[in-house]
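Contents: one structure, followed by commentary.
2 protein chains.
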Amino acid sequence: MEPLLIYDTTLRDGTQGENITFTADEKLKIALRLDEMGIHYVEGGWPGSNPRDIRFFDLAKRERFATTRITAFGSTCKAGIPAADDPNLQAILKTGTPAAAIFGKSWPLHVEAIMGNTLAENISMISDSVDFLKTNGLEVIYDAEHFFDGFKESPEYAVQTLAAAADAGADFLVLCDTNGGTLPHEVDAIIRSVKQALEKQGLDAGRMKLGIHTHNDCGMAEANAVSAVNCGAVMVHGTINGYGERCGNADLTTLIPVFNAKMKHTCIPEEKLCGLKSLSRFVSETANIVPLNSRPFVGRSAFAHKGGIHVSAIMKESRAYEHIDPEIVGNQRRVLMSDLAGKSNVEYKAREMGVDLCANGCDSKTIVKAIKQMEDEGYQFDVADGSFKIMLEKFTEQFKPLFDLESFRVTIEKDKDLPCSAHATIKISVDDSHEITAAEGLGPVSALDNALRKALGNFYPDLDTMKLVDFKVRVVDGRDGTAAKVRVFIESRDHDQIWSTIGVSEDIIEASWQALADSFQFKLAKEARKNRSATENPKTKDLKLGWSMSCNA
Amino acid sequence: MEPLLIYDTTLRDGTQGENITFTADEKLKIALRLDEMGIHYVEGGWPGSNPRDIRFFDLAKRERFATTRITAFGSTCKAGIPAADDPNLQAILKTGTPAAAIFGKSWPLHVEAIMGNTLAENISMISDSVDFLKTNGLEVIYDAEHFFDGFKESPEYAVQTLAAAADAGADFLVLCDTNGGTLPHEVDAIIRSVKQALEKQGLDAGRMKLGIHTHNDCGMAEANAVSAVNCGAVMVHGTINGYGERCGNADLTTLIPVFNAKMKHTCIPEEKLCGLKSLSRFVSETANIVPLNSRPFVGRSAFAHKGGIHVSAIMKESRAYEHIDPEIVGNQRRVLMSDLAGKSNVEYKAREMGVDLCANGCDSKTIVKAIKQMEDEGYQFDVADGSFKIMLEKFTEQFKPLFDLESFRVTIEKDKDLPCSAHATIKISVDDSHEITAAEGLGPVSALDNALRKALGNFYPDLDTMKLVDFKVRVVDGRDGTAAKVRVFIESRDHDQIWSTIGVSEDIIEASWQALADSFQFKLAKEARKNRSATENPKTKDLKLGWSMSCNA
Chain E
1 MEPLLIYDTT LRDGTQGENI TFTADEKLKI ALRLDEMGIH YVEGGWPGSN PRDIRFFDLA
61 KRERFATTRI TAFGSTCKAG IPAADDPNLQ AILKTGTPAA AIFGKSWPLH VEAIMGNTLA
121 ENISMISDSV DFLKTNGLEV IYDAEHFFDG FKESPEYAVQ TLAAAADAGA DFLVLCDTNG
181 GTLPHEVDAI IRSVKQALEK QGLDAGRMKL GIHTHNDCGM AEANAVSAVN CGAVMVHGTI
241 NGYGERCGNA DLTTLIPVFN AKMKHTCIPE EKLCGLKSLS RFVSETANIV PLNSRPFVGR
301 SAFAHKGGIH VSAIMKESRA YEHIDPEIVG NQRRVLMSDL AGKSNVEYKA REMGVDLCAN
361 GCDSKTIVKA IKQMEDEGYQ FDVADGSFKI MLEKFTEQFK PLFDLESFRV TIEKDKDLPC
421 SAHATIKISV DDSHEITAAE GLGPVSALDN ALRKALGNFY PDLDTMKLVD FKVRVVDGRD
481 GTAAKVRVFI ESRDHDQIWS TIGVSEDIIE ASWQALADSF QFKLAKEARK NRSATENPKT
541 KDLKLGWSMS CNA
Chain X
1 MEPLLIYDTT LRDGTQGENI TFTADEKLKI ALRLDEMGIH YVEGGWPGSN PRDIRFFDLA
61 KRERFATTRI TAFGSTCKAG IPAADDPNLQ AILKTGTPAA AIFGKSWPLH VEAIMGNTLA
121 ENISMISDSV DFLKTNGLEV IYDAEHFFDG FKESPEYAVQ TLAAAADAGA DFLVLCDTNG
181 GTLPHEVDAI IRSVKQALEK QGLDAGRMKL GIHTHNDCGM AEANAVSAVN CGAVMVHGTI
241 NGYGERCGNA DLTTLIPVFN AKMKHTCIPE EKLCGLKSLS RFVSETANIV PLNSRPFVGR
301 SAFAHKGGIH VSAIMKESRA YEHIDPEIVG NQRRVLMSDL AGKSNVEYKA REMGVDLCAN
361 GCDSKTIVKA IKQMEDEGYQ FDVADGSFKI MLEKFTEQFK PLFDLESFRV TIEKDKDLPC
421 SAHATIKISV DDSHEITAAE GLGPVSALDN ALRKALGNFY PDLDTMKLVD FKVRVVDGRD
481 GTAAKVRVFI ESRDHDQIWS TIGVSEDIIE ASWQALADSF QFKLAKEARK NRSATENPKT
541 KDLKLGWSMS CNA
């Protein structure tokens with residue numbers, strides 16, 4: 001069986017979702033991750049509508065994609081203008097992508113009442129636009145916007161628009177449920193009628209490749225896509241995490257495992273499926289959207305068991321309450337209200353980091369309890385390996401601080417409409433030496449970062465190689481207004497490693513300080529290890545720690 | 001057509017969801033709301049498993065329900081024990097509910113490997129338990145747990161278990177997709193087979209009422225319920241907001257409008273449908289779970305439009321991009337501002353807010369350009385209506401500040417391991433008066449908020465009613481470490497309105513100040529309007545502005 005083609009539109013339709021925006025660089029990172037996953041098409045944006053999307057296509061041009069065909073989106077040309085003169089179609093050509101998706105109207109309501117065109121004009125617009133792109137050597141994906149609504153009102157006209165695109169050479173005819181109001185049994189019935197009608201018009205069934213593009217306004221986006229595939233659709237449109245306008249698009253993190261694992265209709269290579277949870281998290285982190293715990297397959301709760309009966313049953317036989325092995329999609333089982341699951345996680349992680357949990361008479365149960373307490377307060381160690389290592393060392397009394405804070409004071413001043421100014425004074429000690437200094441910054445945390453760096457620089461010249469590359473703030477509980485608890489993540493890197501640290505407090509400066517201090521302690525401990533190992537065995541290169549990989553993930 | 005029966009299990013299966021718990025009193029409040037909505041059955045809990053559920057049934061006994069039949073949940077009796085002696089079945093009887101739901105095993109894997117019973121024992125357990133409850137005058141809903149998994153493995157046995165329940169007099173046979181791994185076309189095929197098999201066994205088709213109980217592990221909970229109804233199921237189980245174990249149960253806030261409004265298969269009285277959004281919010285508030293914006297029909301984003309093309313179309317014809325009138329379910333349309341938006345979004349929004357865009361010779365094109373520029377810098381107006389209004393007023397020179405900042409200074413100090421302390425000094429002017437004051441806070445923004453509130457309090461006593469309810473920080477571009485640009489959102493409320501404001505800067509305090517200042521300006525302008533209208537026409541009540549509705553949504 002031919003693999004089902006997956007067409008991702010996270011970067012275009014996904015950004016129609018409330019609160020979803022990506023910079024051109026972020027779009028590129030996501031596109032590369034989608035390629036890694038084996039997604040066949042990635043719709044990068046609408047080059048005719050804004051400069052950011054044009055920049056994305058410029059960036060993408062310089063990259064090599066193993067599987068993914070980067071696709072530019074646009075509309076059919078305007079009435080009365082030759083397709084070759086249409087700036088929107090020209091912008092698509094300029095991107096240099098191998099494939100283009102253009103949408104056209106299928107519903108007389110839109111053609112006449114909204115666009116003010118005649119039905120015949122619309123047919124020419126579709127036909128001319130597809131023909132123009134095909135003549136210029138592009139693969140053409142024709143998006144029949146509002147196809148199902150159009151078909152319900154005027155089946156003959158809706159089919160005519162498809163036939164126009166097919167006659168002009170469109171490679172795929174994608175039926176869009178733009179408003180998301182269609183139900184699975186309707187999708188089924190309509191696609192069967194469409195296929196008959198197209199065949200009646202003498203169109204070559206072999207060339208007719210149907211696609212499906214669905215929205216979730218009735219909670220049916222994924223079910224509608226499954227319905228279409230059961231009727232022979234060969235291309236499925238969707239977004240990662242179902243991001244999209246209103247109630248979102250079909251969620252590819254649901255559909256991919258449904259196709260691959262449940263329906264045995266392969267879409268991406270089997271061995272890539274275990275990267276799905278990590279892809280889902282990567283996209284939600286990039287969008288800075290809190291991941292949905294209950295998301296099928298990839299959510300944190302997707303394999304979480306609460307009921308006592310369920311837990312004892314899965315211990316005997318996992319399929320008793322799990323429809324699929326969570327590891328297939330890179331997720332894991334969680335047993336709620338039980339220390340068992342946590343203990344093995346912590347032990348696994350400590351081993352990976354080279355921290356001896358049983359040192360100094362500690363036991364891992366006590367540590368698990370403390371971690372649960374901290375996670376309850378807002379810490380999240382699964383994305384802050386640097387702080388997690390330091391915390392394990394503190395618990396087992398193996399932590400050796402490479403500097404101590406004596407005190408700091410940060411001041412931010414503002415006069416009328418002038419921008420704020422921030423400066424920090426800091427006093428630290430290293431062994432028995434003290435250092436007090438001050439620095440400015442673009443804000444309080446930046447001032448504190450600069451001051452700490454300056455103070456430590458006298459003791460540790462190696463700090464030059466360290467850079468803070470990411471700084472994220474999230475409110476853990478928004479209920480108390482500006483006194484809410486915040487969680488700060490800092491990602492730092494040097495020439496060979498990336499590490500993340502975390503701080504939690506009601507005071508954003510306190511939380512930032514915790515993450516900042518951990519990040520510097522981590523770097524300094526790393527350099528100390530390196531110097532020790534160079535002294536002990538000058539020929540051994542610093543071994544890259546396993547967990548640095550998981551920091552990157 | 002008989003109305004489709006809705007069976008709510010928010011209070012039982014819903015509480016299996018991670019982080020979902022209700023007290024007995026909260027359960028009662030929810031049950032009363034469900035009754036108001038015209039829900040036919042409300043499963044209150046499992047009286048045999050915990051004292052809280054017993055208390056709920058005691059409370060419920062004292063209330064009068066107009067439509068709802070309160071239902072007690074339990075399992076079939078244990079093997080070898082007469083049903084009459086089973087404490088779990090006795091607990092059901094003690095609740096005094098008119099109806100009981102009991103679950104039994106359909107899947108040999110569970111009967112044998114998990115429960116350690118023989119297949120024949122299981123059949124007796126089902127039959128005896130149903131018979132016992134019927135003899136005691138209850139309506140009996142039989143939940144065939146894991147029915148679809150059982151049927152896939154052993155169709156004959158699965159049907160036998162149903163026949164046992166039916167023979168013993170069960171009023172409803174509910175087919176449960178307990179693990180949520182079944183797809184809609186499988187539900188369809190299996191139910192059709194089951195009906196044939198039951199009829200072959202000579203069961204009276206008129207008495208056989210089928211129900212459906214689905215979970216969302218494949219994102220198909222609602223589609224599976226629709227599929228079952230299309231095959232003749234007359235009872236649908238689900239929870240409000242789809243709360244439930246793992247990925248949740250079928251979401252009744254989706255299914256009810258799908259049945260009533262899309263399939264024209266009435267389940268609740270037509271006139272009650274408009275209470276759906278409010279019911280959804282009530283349950284999420286009671287569970288203290290942040291409502292999901294993208295939830296079909298009832299979510300805040302369910303009818304939110306971002307793309308410029310979409311907005312200009314809905315202004316001509318709402319069904320162009322809306323599959324249903326939002327008011328049918330008590331929701332409303334929202335037009336979002338973003339760089340994907342065009343002139344029509346701005347004009348729509350300005351009209352809604354009562355700002356005259358053409359005042360002082362401005363034109364909306366210039367404003368759109370400026371908005372796009374600001375959004376490029378990190379502003380995001382789709383979620384900050386308060387700041388958007390102030391910005392429109394500033395552009396059109398209609399903004400009248402109700403206070404001016406002279407200066408502030410915020411200081412954060414930390415000594416060794418002690419927590420940070422923060423205090424702020426602020427000087428403001430109102431007309432020609434100055435005020436200087438200082439305050440502490442749990443962090444710099446909280447200190448600034450407290451100081452500003454204190455300074456303004458002398459001029460505007462109405463400020464007491466205003467509360468900051470949410471504070472969100474997002475790094476717009478993380479590439480520059482701690483000097484990254486941040487975006488701060490603040491949500492504020494008083495007794496009748498919620499509004500959001502935004503600030504963007506490389507300095508988090510500057511960004512917070514912008515959002516904070518806008519929030520206070522917004523509130524003060526609102527009070528000023530109120531006072532003016534009271535003076536001009538003492539009998540006219542303050543007209544609620546259109547956009548206050550959308551702020552609240």
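Chains as they are written, first to last, in UniProt numbering: chain E, 1 to 553; chain X, 1 to 553.
Backbone N, C-alpha and C fix where the C-beta goes; we use that ideal spot for every residue, glycine too.
None of the values given here were measured: they were computed from a predicted structure.
**Item:** Cβ-Cβ distance between residue 468 of chain X and residue 502 of chain X below 9 Å
**Value:** no
**Message:** Assuming residue 409 of chain E is part of the alpha helix (DSSP H), what are its boundary residues?
**Reply:** Counting along the chain, residue 409 of chain E falls outside any alpha helix (DSSP H), though it belongs to the beta strand (DSSP E) covering 404 to 415.
**Asked** Taking the alpha carbon of residue 69 of chain E as the point to measure from, which residue in E:257, E:186, E:60 and E:225 has its own alpha carbon closest?
**Response** The shortest C-alpha separation from residue 69 of chain E is found at E:60.
**Item:** Coil, strand or helix - residue 30 of chain X by DSSP
**Value:** helix
**Prompt:** Roughly how many angstroms separate the alpha carbons of residue 64 of chain X and residue 174 of chain X, rounded to a whole number?
**Reply:** Between residue 64 of chain X and residue 174 of chain X, the alpha-carbon positions lie close to 27 Å from each other.
**Item:** For residue 237 of chain E, the residue or residues it bridges with in DSSP
**Value:** E:7 and E:213
**Message:** Against chain E, which members of the segment 413 to 426 of chain X pass a CB distance test of less than 7 Å?
**Reply:** Identification of residues in the segment 413 to 426 of chain X having a C-beta nearer than 7 Å to some C-beta of chain E yields 413, 414, 415, 416, 419, 420 and 422, given in sequence order.
**Message:** Do residue 409 of chain E and residue 413 of chain X count as a contact pair if the criterion is CB distance below 9 Å?
**Reply:** Cβ atoms of residue 413 of chain X and residue 409 of chain E: closer than 9 Å.
**Prompt:** Is residue 268 of chain X helix, strand or coil when you go by DSSP?
**Reply:** coil
**Item:** Proximity below 9 Å, CB of residue 327 of chain X to CB of residue 274 of chain X
**Value:** A contact, by the Cβ cut-off of 9 Å.
**Request:** Let me know if residue 434 of chain X comes out buried or exposed under the rule of 16 or more other beta-carbons within 10 Å of its beta-carbon.
**Result:** Its Cβ having fewer than 16 others within 10 Å, residue 434 of chain X is exposed.
**Message:** Is there a C-beta anywhere in chain E that falls below 9 Å from the one on residue 179 of chain X?
**Reply:** yes
**Asked** For residue 91 of chain E, which residues from the same chain have a beta carbon less than 6 Å from its beta carbon, with the 5 sequence-adjacent residues on both sides left out?
**Response** 47 and 48
**Message:** My output table needs one value for residue 386 of chain X: the three-state DSSP class, helix, strand or coil.
**Reply:** In the structure shown, residue 386 of chain X sits in a helix (DSSP, three-state: H, G or I).
**Asked** Counting contacts by CB-CB distance shorter than 9 Å, is residue 86 of chain E in contact with chain X?
**Response** no
**Item:** Length-filtered (3 minimum) beta strand (DSSP E) runs lying within the segment 471 to 534 of chain E
**Value:** 485 to 493 and 498 to 505
**Message:** Assuming residue 346 of chain X and residue 371 of chain X are in contact, meaning their beta carbons sit under 8 Å apart, how far apart are those beta carbons, in whole angstroms?
**Reply:** 7 Å
**Prompt:** For the candidate residues E:19, E:447 and E:350, whose alpha-carbon lies nearest to that of residue 391 of chain E?
**Reply:** E:350
**Request:** Find out if the Cβ-Cβ distance for the pair residue 386 of chain E, residue 519 of chain E is shorter than 9 Å.
**Result:** yes
**Item:** Candidates E:290, E:447, E:165 and E:171, of which the one nearest residue 380 of chain E by Cα
**Value:** Nearest option by C-alpha distance: E:290.
**Request:** Out of E:7, E:511 and E:322, state which residue places its alpha-carbon closest to the alpha-carbon of residue 140 of chain E.
**Result:** E:7
**Asked** residue 380 of chain X touches chain E at which residues, Cβ-Cβ below 9 Å?
**Response** 19 and 21
**Prompt:** Among residues of its own chain, excluding the 5 on either side of residue 224 of chain X, which ones have a beta-carbon nearer than 8 Å to its beta-carbon?
**Reply:** Here the set comprises 177, 182, 183, 184, 187, 212, 214 and 250.
**Asked** Assuming residue 153 of chain E contacts residue 82 of chain E under a Cβ cut-off of 8 Å, what Cβ separation, rounded to an integer in Å, is found between them?
**Response** That belief does not hold up - the Cβ atoms of residue 153 of chain E and residue 82 of chain E are roughly 30 Å apart, past 8 Å.
**Prompt:** Candidates E:217, E:106 and E:508: which alpha carbon is nearest residue 322 of chain X's?
**Reply:** E:217
**Prompt:** Looking at residue 16 of chain E and residue 245 of chain E, is the spacing between their C-beta atoms short of 9 Å?
**Reply:** yes
**Request:** Consider the Cβ of residue 569 of chain E: report whether some Cβ of chain X lies at a distance smaller than 9 Å.
**Result:** Here chain E covers residues 1 to 553 and nothing more, so residue 569 of chain E does not appear.
**Item:** Contact under 9 Å by Cβ, residue 405 of chain X with residue 416 of chain E
**Value:** Here residue 405 of chain X is near residue 416 of chain E, since their CB atoms are less than 9 Å apart.
**Proximity of residue 5 of chain X and residue 194 of chain X at Cβ, strictly below 9 Å** = no
**Message:** By DSSP's criteria, residue 105 of chain E is part of a beta bridge. Which residues make up the other side?
**Reply:** E:145
**Prompt:** So which residues on chain X does residue 230 of chain E lean against when the C-beta distance must stay under 7 Å?
**Reply:** The CB of residue 230 of chain E comes closer than 7 Å to the CB of 185 in chain X, given here in chain order.
**residue 442 of chain E burial status per 10 Å Cβ neighbour count (16 or more: buried)** = With a threshold of 16 other beta carbon atoms within 10 Å, residue 442 of chain E meets it and is buried.
**Prompt:** Could you give the C-beta distance for residue 114 of chain X and residue 317 of chain E, rounded to a whole number, given that I count them as a contact under 8 Å?
**Reply:** 6 Å
**Message:** So that I know if they touch, is there some Cβ in chain X lying closer than 9 Å to that of residue 499 of chain E?
**Reply:** Residue 499 of chain E does not count as touching chain X.
**Prompt:** Is it right to say residue 220 of chain E is buried, meaning 16 or more other beta carbons lie within 10 angstroms of its own, or is it exposed?
**Reply:** buried
**Message:** Taking the straight line between their C-alpha atoms, what separation do you get for residue 261 of chain X and residue 255 of chain X?
**Reply:** 10 Å
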